[in-house]
Amino acid sequence: SGVLEALDYACVNDFSCMRTSISAYAAGALVALVGRNEGGKTLSRSTVDAVLDNFPIYFDPAGFTGLSYAMVLPIARRVATMAISDANKKIMLQHDKLVDSLVTGLLLDDDNHRRGQDGADRFQEVCAGVLHELALYGPGASVLREHKPTMDALRVLAESGTKASRERAAGALFELDEEARAAAALELQWQPHEAAPAALQLQPPSPPPSPYASPARRGASKYVGVEASTARGSSPRACRRTHRLRSGGFCR
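In the numbering used here, each residue's number is its place in the sequence shown (first place is 1) plus 907.
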């Protein structure tokens, strides 16, 4: 008890220890605890901002160049975890460095100092996955459509990235292409009629049972009520009367 409040306090006040801000570490702990929540306890704006403020500095050639991807990947995964929740996406989209940082994280520029390093492919896949998550979110899709560098990067990534990156880039581009989505929805609407098995299309409907058929063919269920009523002590005459009423006949 009190752990979430203490971590929130650290994110808001941004203390420093040995010239290192502890807000990013506190935000990482909060993301691990409640980062996927849609309701109840969710991430505050200060927590989301602390994660996103810390994310771009790893692409700055002037600093952190010696860090391996084993140390950088957890930062990207925090962003990916936050992007699962729509409640977080709403805050994330208001951060001015989010989209540019994700595009940089795709490592498509030849002059990117992290391109080709061990773990770079996995880092690219994580950033591509975040863009895909944003594309699945209505307001996020609107932001990405209007950001030309993102659209250009996704088209390049869909042709040149790793297998997982290509799939995520193609998925994001599909969500961002309104015409393609409308055509797919129309095709899906007609698909059940076109894809029906031939055996079902050619098979005639089963005819109703003939009223003149034998009791065995009509089924014995009509007589179950008579036997059950007799077993409960009803008179045979009452049973016959009930049977005639159920069968559409008349009684005297």
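No residue lacks a Cβ here, since even glycine has one placed at the ideal position from N, Cα and C.
Decide if the stretch 1014 to 1025 is in contact with the stretch 989 to 1006; the criterion is three or more beta carbon pairs, one per stretch, under 8 Å apart.
-> no
Determine the DSSP secondary structure at S923, reduced to helix, strand or coil.
-> strand
Can you tell me whether DSSP reads S951 as helix, strand or coil?
-> coil
Quick one: what does DSSP say S975 is sitting in, helix, strand or coil?
-> coil
Contacting residues, own chain, Cβ-Cβ under 8 Å from P963 (five flanking each side not counted) = K1004, D1007, S1008, T1011
Name the DSSP beta bridge partners of S928, please?
-> S923
Between C1034 and the rest of its own chain, which residues show a CB-CB distance below 7 Å, the 5 nearest in sequence each way excluded?
-> A983, L1009, G1012, L1013
Distance between E945 and S1136 (C-alpha atoms, nearest Å) = Because S1136 carries a pLDDT of 44, less than 50, the predicted location of this residue cannot be relied on, and the following value inherits that uncertainty. Spanning the two alpha carbons is a distance of roughly 57 Å.
With a CB to CB cut of under 8 Å and the five nearest residues on each side skipped, what residues in its chain are close to G1078?
-> H1039, A1042
Between which two residues does the alpha helix (DSSP H) containing H1054 stretch?
-> No alpha helix (DSSP H) contains H1054, which DSSP labels as neither H nor E.
Exposure label - A934; buried when at least 16 CB within 10 Å = buried
Residue range of the alpha helix (DSSP H) that S1072 falls in?
-> 1070 to 1083
From V1050 to L959, what distance separates their C-alpha atoms?
-> 17 Å
Drop a sphere of 10 angstroms on the beta-carbon of G1068, count the other beta-carbons inside from all chains shown, and report buried for 16 or more, exposed for fewer.
-> buried
Would DSSP call H1039 helix, strand or coil?
-> helix
Which of helix, strand or coil does DSSP assign to A906?
-> Here the chain has residues from 908 to 1159 only, and residue 906 is not among them.
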